[in-house]
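Residue numbers 17 to 116, in this note's numbering, belong to the letters of the sequence shown in order. Note that the Cβ used here is the ideal one computed from N, Cα and C, for glycine as well. To start, the structure under review is shown below, and the notes come after it.
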Amino acid sequence: MSHNLACYRCGASLAELSLPLSRHDQCPGCTADLHVCKMCVFFDAQVPRQCREDGAEDVSEKERPNFCDWFKPSEAAFDPQRKSAADAAADALDALFGDD
């Protein structure tokens, strides 16, 4: 089964990974965990608990692997306009000091 998934953090293709994603799967580009809220179709930063699935248990760390039964990977999880503060800070340091 083919899919067009991309890492929510760096945008790297996840086409070589098989579905369903396991709790241990990581992005081949940045090693981000993938069975996480931010990679899910139900993740929405604009709603309470940041989840549109009412039946899902609350997960406090949205970038940590979890056991959510409602997890469904989103093909639209990567948004190049939305970078975490840590990513922006790392980019700024690389620009200032180089990334040798």
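- Valine 52 is positioned such that its CB atom lies closer than 9 Å to that of proline 81.
- When the alpha-carbon of glycine 45 is set against those of Glu73, Arg98, Leu21, Ala105, the nearest one is in Leu21.
- By the neighbour-count criterion, in which a residue is buried when 16 or more other Cβ atoms sit within 10 angstroms of its Cβ, valine 63 is exposed.
- For glutamine 66, the three-state secondary structure derived from DSSP is helix.
- The residue from Ser76, Gly71, Arg98 with its alpha-carbon nearest to that of tryptophan 86 is Gly71.
- From the listed residues Leu112, Arg39, Tyr24, the smallest Cα separation to valine 57 is found for Tyr24.
- Collapsing the DSSP output to three states places alanine 111 in a helix.
- Taking alanine 48 as the centre and dropping the five residues before and after it, the same chain places the C-beta of Cys23, Tyr24, Arg25, Cys26, Gln42, Glu79 closer than 8 Å to its C-beta, in chain order.
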